[in-house]
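For what it's worth, this note's numbering labels the leading residue of the sequence shown as 100, then goes sequentially.
Just so you know, even glycine gets a beta-carbon here, dropped at the ideal spot from N, CA and C.
Bear in mind that the values here come from a model prediction, so they are computed numbers and not experimental data.
Only one structure is covered here, and it is reproduced in the block below.
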Amino acid sequence: MEVKNKKSPQDQTVDLEKMEQWLKDYFLDPLTSHYDHSQFRIDIYETDENWIVEGSLDEYASSEITVKMEKSQLIISAQKHDYSSPSPFPKKVRAINFPFPIINHCVSASFQHGVLEIFISKKIENGFGKDRFITLP
């Protein structure tokens, strides 16, 4: 990860040019399209403050979705609740490998009307620096 300003952790940001190239490469990768059809669709948006990962999970309840961060990877899993073994519902998983450690960023999520939104702050602040799960409201 390249840092533009090393004065204090609150002022550090990700190299935006590197992120732009990563976004282009991600959406041009044929596997991205394949996983959009075989697992669930994911889009990535950018605002002034955040990168937003949006997942289309309209057939799931929030309790059936797991969001985990591991170093530079965001892992979204979804599986219908079923207590038989083996479950007749396959687990669907999407993993996104960011070009920087997302564990150092503030990350939050929401789930409404079948749309999962994960907000990753552009600033390196309050990220705990640890692998962790993101709780859905």
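Spatial neighbours of residue 135 in its own chain (CB-CB distance under 7 Å, excluding positions within 5 residues in sequence) are listed in chain order as 141. Straight through space, the alpha carbons of residue 159 and residue 182 are spaced by roughly 16 Å. Residue pairing for residue 213: DSSP places it in no beta bridge. Fewer than three Cβ pairs drawn from the stretch 118-127 and the stretch 170-179 lie within less than 8 Å of each other, which leaves the two stretches out of contact. Following the DSSP letters along the chain, one finds residue 142 in no alpha helix (DSSP H) but inside the beta strand (DSSP E) bounded by residues 141-145.
Per DSSP, residue 138 lies in no alpha helix (DSSP H) segment and is marked neither H nor E.
Sequence-distant partners of residue 218 (beyond 5 residues in either direction) whose C-beta falls short of 6 Å from its own C-beta, in its chain, are 149, 151, 207. Looking at the backbone, the Cα of residue 157 and that of residue 235 are separated by about 15 Å. Here DSSP, grouped into helix, strand and coil, assigns residue 148 to coil. For residue 172, the enclosing beta strand (DSSP E) starts and ends at 172-177.
Counting other Cβ atoms within 10 Å of its Cβ, residue 191 reaches 16 or more and is therefore classed as buried.
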